[in-house]
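Enquirer:
Protein chains: 2
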Amino acid sequence: MAMLARRTMQRMTAARLMALDWGTSNLRACLLGDGARVLETRTAAGGVMAVPERGFEAVLLALCGDWMDAHRCPVMASGMVGSRQGWQEAPYLECPAGLAQAAAQLTHVALARGSTLHIVPGLICQGADGQDDVMRGEETQLWGAGLSEGDCCVLPGTHAKWAWMGPGGAVQRFMTYMTGELYALLVQHSLLGRLMVAGQASPEAFAQGAQLGLAEFAHATHLIFAARTAGLTGRIAPQGLPEFLSGMLIGMEIGSVKQRQPMQQVTVLGDEALCLRYETALQMAGVAHRRAPRDATTRGQWRVAVQAGLVKEST
Amino acid sequence: MAMLARRTMQRMTAARLMALDWGTSNLRACLLGDGARVLETRTAAGGVMAVPERGFEAVLLALCGDWMDAHRCPVMASGMVGSRQGWQEAPYLECPAGLAQAAAQLTHVALARGSTLHIVPGLICQGADGQDDVMRGEETQLWGAGLSEGDCCVLPGTHAKWAWMGPGGAVQRFMTYMTGELYALLVQHSLLGRLMVAGQASPEAFAQGAQLGLAEFAHATHLIFAARTAGLTGRIAPQGLPEFLSGMLIGMEIGSVKQRQPMQQVTVLGDEALCLRYETALQMAGVAHRRAPRDATTRGQWRVAVQAGLVKEST
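From first to last, the protein sequence lines stand for chains S and V. Residue numbers are given in my numbering: position 42 of the first sequence equals residue 45, and the series is strictly consecutive. Residue numbers are given in my numbering: position 193 of the second sequence equals residue 196, and the series is strictly consecutive.
Written out as structure tokens, the structure is:
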């Protein structure tokens with residue numbers, strides 16, 4: 004009985020996959036056991052933008068060299084590490100794209116210690132406006148978020164993504180909004196930013212901004228100036244201005260998506276504080292929401308690895 | 004006969020008004036004779052943002068002290084010099100506002116040499132979206148642009164203004180678009196800017212961007228990301244990207260205005276190169292355009308001065 008328990012423990016804790024979420028700013032490495040269970044997590048500031056040319060393997064070894072020696076399990080990576088500025092370019096998959104297409108188009112990078120890194124491809128799709136759109140990393144999160152055909156999922160962030168799921172768990176199509184980057188640009192570099200006092204929560208100002216953004220999304224560049232005027236005339240206090248702008252930009256995003264594609268419910272996936280903002284604005288827009296599981300990224304990486312035959316689904 | 008000619012010459016060349024166009028970045032001073040004729044022009048980089056606290060009079064004397072000694076004519080100023088960050092705050096006039104209201108609400112600043120500076124008030128109005136909007140300087144240009152009731156006028160720039168004229172030459176209402184500032188932010192500070200090669204004319208890329216902006220103005224923050232993707236995928240060459248973005252932002256602005264207020268003809272007032280861009284996009288939008296006279300600013304300042312009794316209209 005004791006033997007069996009020990010063996011079970013061993014089997015349960017054995018590392019099956021090293022999963023890297025390697026983005027623009029950060030590298031997060033997880034050691035996964037059976038059933039995508041997270042055994043250990045490490046993070047480093049070694050995002051794609053911070054890594055010197057051809058320095059990716061050194062960064063990986065510094066963070067996870069001991070894991071690689073100890074476990075000799077496959078290494079899977081998703082995110083900007085597969086971009087032109089990353090370790091090796093992983094060509095985009097055309098939408099609709101699911102696990103089967105991703106597993107068949109992994110980019111393999113031989114590592115010095117005899118191991119192999121498998122990079123998940125990003126996705127490309129053409130929007131209703133005829134323009135291309137791209138993602139890298141979010142596709143893997145979507146595959147791990149337990150979504151069904153017809154579901155809509157938003158991933159807030161620097162470049163917020165809205166995705167719609169197709170048959171067989173494929174990502175049917177998606178749209179990117181530059182909401183997070185635009186917010187940062189306006190706060191840090193615009194005349195509007197000069198009127199702001201940062202760091203204070205102001206749910207009321209957020210709601211005012213969101214209401215306005217939802218109603219007036221078709222007049223974005225006028226509305227952004229109105230935020231400045233609201234600061235100038237004192238209608239919004241300097242402490243409330245950052246939240247007013249945040250609400251306005253998120254409201255504009257949701258208003259624009261809704262006009263393009265009516266929706267009943269949206270799954271929200273990402274950073275806690277940002278998800279709460281989107282949920283508030285979605286509620287104001289009359290759209291129901293539910294939260295995606297926190298481990299969507301590692302679950303998605305695990306599922307790609309299973310599909311590619313790199314790990315076996317535990318029974 | 005010779006005497007008469009000399010006297011006529013003297014009367015014609017005598018300075019009647021010193022007109023200052025004092026904005027955020029530049030100060031332009033004009034010496035005006037009868038009928039608002041420009042006798043001499045001087046410019047300095049001493050915009051409101053560059054003037055040290057309480058240093059406005061020194062800047063003015065450095066540029067125009069000799070004029071003030073020689074001519075002893077009234078001094079009129081319009082623009083950001085009347086803002087909170089300017090020489091003295093000139094309270095906003097509520098729209099609709101015409102020459103009579105402006106002349107009755109000049110802000111008078113006593114100058115050291117016994118002269119007086121008269122600052123034209125800016126305008127404030129409430130938009131259809133319930134938000135305040137403001138202008139400083141453009142109101143004076145509008146009054147000098149020879150506009151009639153019902154006319155619509157656009158003043159392209161960092162903060163582009165669209166104004167509609169009411170009865171008696173009043174500015175009925177207006178809307179600001181942050182087009183120019185947003186363009187600069189995106190080129191200088193965004194990920195999009197990193198893909199660009201600046202300095203090359205590309206009318207084709209401009210037209211593509213304008214077409215897209217006109218059609219998809221309701222999805223602004225998505226469209227801006229699409230510009231980045233177009234650079235990433237090579238659909239738009241790096242040399243064409245600045246013009247593509249410029250066209251897109253101007254197209255979005257015109258699309259948004261048109262949705263709010265259908266229009267047949269627009270008067271375009273401002274910098275030559277920028278006016279040409281707006282005229283191209285207006286043409287694509289099926290809106291006729293005409294150009295405002297080049298001396299709209301000094302004509303407007305003159306008209307305010309006449310209305311205030313500071314100068315006499317020549318007969």
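The C-beta atom is built at its ideal place from N, Cα and C for all residues, glycine as well.
Using a Cβ-Cβ cut-off of 6 Å (strictly less than) and excluding sequence neighbours within five positions of Ala333(S), which residues of its own chain qualify?
Expert: The structure shown has nothing for residue 333(S), since chain S only spans 4 to 318.
Enquirer: Skipping 5 residues on each side, what residues in its chain have a beta carbon closer than 6 Å to that of Pro170(V)?
Expert: Hits under 6 Å: Glu152.
Enquirer: For the alpha helix (DSSP H) containing Leu34(V), name the first residue and the last one.
Expert: Here Leu34(V) belongs to no alpha helix (DSSP H); instead the beta strand (DSSP E) covers 30-35.
Enquirer: Can you pull the chain S residues whose beta carbon is under 8 Å from the beta carbon of Tyr180(V), in chain order?
Expert: In chain order: Thr224, His225, Phe228.
Enquirer: Beta-carbon of Thr232(S) versus every beta-carbon of chain V: anything under 9 Å?
Expert: Output row for Thr232(S): interface = yes.
Enquirer: Can you tell which of Pro265(V), Met79(V), Cys76(V), Trp146(V) has the C-alpha that lies nearest to the C-alpha of Asp298(V)?
Expert: Nearest of Pro265(V), Met79(V), Cys76(V), Trp146(V) to Asp298(V), Cα basis: Trp146(V).
Enquirer: Short check: CB of Leu244(S) to CB of Leu198(S), under 9 Å?
Expert: In contact: Leu244(S) and Leu198(S) (Cβ atoms closer than 9 Å).
Enquirer: Counting only beta-carbon atoms, is Gln262(V) nearer than 9 Å to chain S?
Expert: It does; some Cβ of chain S falls within 9 Å.
Enquirer: By DSSP, does Asp69(S) sit in helix, in strand, or in coil?
Expert: Reduced to three states, the DSSP call for Asp69(S) is helix.
Enquirer: May I ask which residues mark the beginning and end of the beta strand (DSSP E) holding Phe177(V)?
Expert: 174-180 is the extent of the beta strand (DSSP E) around Phe177(V).
Enquirer: Please list, in chain order, the chain S residues whose beta carbon lies closer than 8 Å to that of Val62(V).
Expert: By Cβ distance, chain S contributes nothing, its closest Cβ being about 21 Å from Val62(V), past 8 Å.
Enquirer: Tell me the rounded alpha-carbon separation between Glu92(V) and Ser81(V).
Expert: Looking at the two C-alpha atoms, the distance is approximately 12 Å.
Enquirer: Out of Cys278(V), Thr301(V), Gly237(V), Asp37(V), which has the shortest C-alpha to C-alpha gap to Gly160(V)?
Expert: The candidate whose alpha carbon is nearest that of Gly160(V) is Cys278(V).
Enquirer: Kindly indicate if chain V contains any beta-carbon less than 9 Å away from that of Leu285(S).
Expert: No - not a single Cβ of chain V is within 9 Å of the one on Leu285(S).
Enquirer: Could you work out which residue in Arg87(V), Pro77(V), Val54(V) is closest to Thr236(S) when comparing CA atoms only?
Expert: It is Arg87(V).
Enquirer: Tell me, please, which residues DSSP counts as bridged to Ala47(V).
Expert: Answer by DSSP bridge pairing, in chain order: Leu30(V).
Enquirer: Just to confirm my understanding: we take Pro241(S), look at its own chain, exclude 5 residues before and 5 after, and list those with CB closer than 8 Å. What are they?
Expert: Cβ neighbours of Pro241(S) beyond the five flanking positions: Leu198, Met199, Val200, Gly234.
Enquirer: Taking 9 Å as the threshold (beta carbon to beta carbon), is Ser259(S) in contact with chain V?
Expert: Yes, Ser259(S) counts as interfacial toward chain V.
Enquirer: Once the 5 residues before and after Phe220(V) are set aside, which same chain residues still bring their CB inside 6 Å of it?
Expert: Contacts found: Met255, Gly258, Ser259.
Enquirer: Indicate whether Ile122(V) and Leu102(V) have their beta-carbon atoms separated by less than 9 Å.
Expert: No, they are not a contact pair.
Enquirer: Throw me the rounded Cβ distance for the Gly312(S) and Gln144(S) pair, which I believe falls under 8 Å.
Expert: With a Cβ gap of about 22 Å, Gly312(S) and Gln144(S) do not count as contacting.
Enquirer: In angstroms, rounded to a whole number, what distance separates the CA positions of Gly1(V) and Met71(V)?
Expert: The shown model of chain V, from 4 to 318, leaves out residue 1(V), and the question about it has no answer.
Enquirer: Strictly under 9 Å for the Cβ-Cβ distance: is Met6(V) near chain S by that measure?
Expert: Low local confidence applies: a pLDDT of 49 at Met6(V) is under 50, so the model's placement there is unreliable, with the coordinate-based value given in what follows. Chain S, which has no Cβ nearer than 9 Å to the Cβ of Met6(V), makes this no.
Enquirer: Is the Cβ of Arg176(S) closer than 9 Å to any Cβ of chain V?
Expert: Chain V, which has no Cβ nearer than 9 Å to the Cβ of Arg176(S), makes this no.
Enquirer: What's the gap between the Cα of Arg293(V) and the Cα of Leu217(S)?
Expert: If you take the alpha carbons of Arg293(V) and Leu217(S), they lie about 35 Å apart.
Enquirer: Could you tell me whether the Cβ atoms of Val137(V) and Ile127(V) are closer together than 9 Å?
Expert: Yes, the Cβ-Cβ distance between Val137(V) and Ile127(V) is below 9 Å.
Enquirer: Considering only the beta carbon of each residue, do Ala73(V) and Leu42(V) sit closer than 9 Å?
Expert: Going by C-beta atoms, Ala73(V) is not nearer than 9 Å to Leu42(V).
Enquirer: What separation, rounded to the nearest whole angstrom, lies between the Cα atoms of Pro94(S) and Val84(S)?
Expert: If I take the Cα positions, the gap works out to 12 Å.
Enquirer: Quick one, which of Ala223(S), Tyr180(S), Leu248(S) has its alpha-carbon nearest Phe209(S)'s?
Expert: For the residues Ala223(S), Tyr180(S), Leu248(S), the minimum Cα distance to Phe209(S) belongs to Leu248(S).
Enquirer: Note down, in chain order, every chain V residue with its Cβ under 7 Å from the Cβ of Val84(S).
Expert: Here the premise fails: no neighbours, minimum Cβ distance about 16 Å.
Enquirer: Give me the DSSP bridge partner(s) of Arg57(V).
Expert: The partner list for Arg57(V) (beta bridge, DSSP) is empty, contrary to what the question assumes.
Enquirer: Between Ala223(S) and the rest of its own chain, which residues show a CB-CB distance below 7 Å, the 5 nearest in sequence each way excluded?
Expert: Hits under 7 Å: Met255.
Enquirer: Can you find a CB in chain S that lies within less than 9 Å of the CB of Ser118(V)?
Expert: No, its Cβ sits nowhere closer than 9 Å to a Cβ of chain S.
Enquirer: What residues of chain V sit near Ala221(S), judged by a beta carbon separation below 9 Å?
Expert: Correct list: Phe220, Ala221, His222, Ala223, Gly258, Ser259, Gln262, Arg263.
Enquirer: Pull up the distance between the alpha-carbon of Ala230(S) and that of Arg40(S), whole angstroms please.
Expert: Distance between the alpha carbons of Ala230(S) and Arg40(S): 46 Å.
Enquirer: May I have the straight-line CA-CA distance separating Cys155(V) from Gln203(S), to the nearest angstrom?
Expert: Taking the straight line from one Cα to the other gives about 41 Å.
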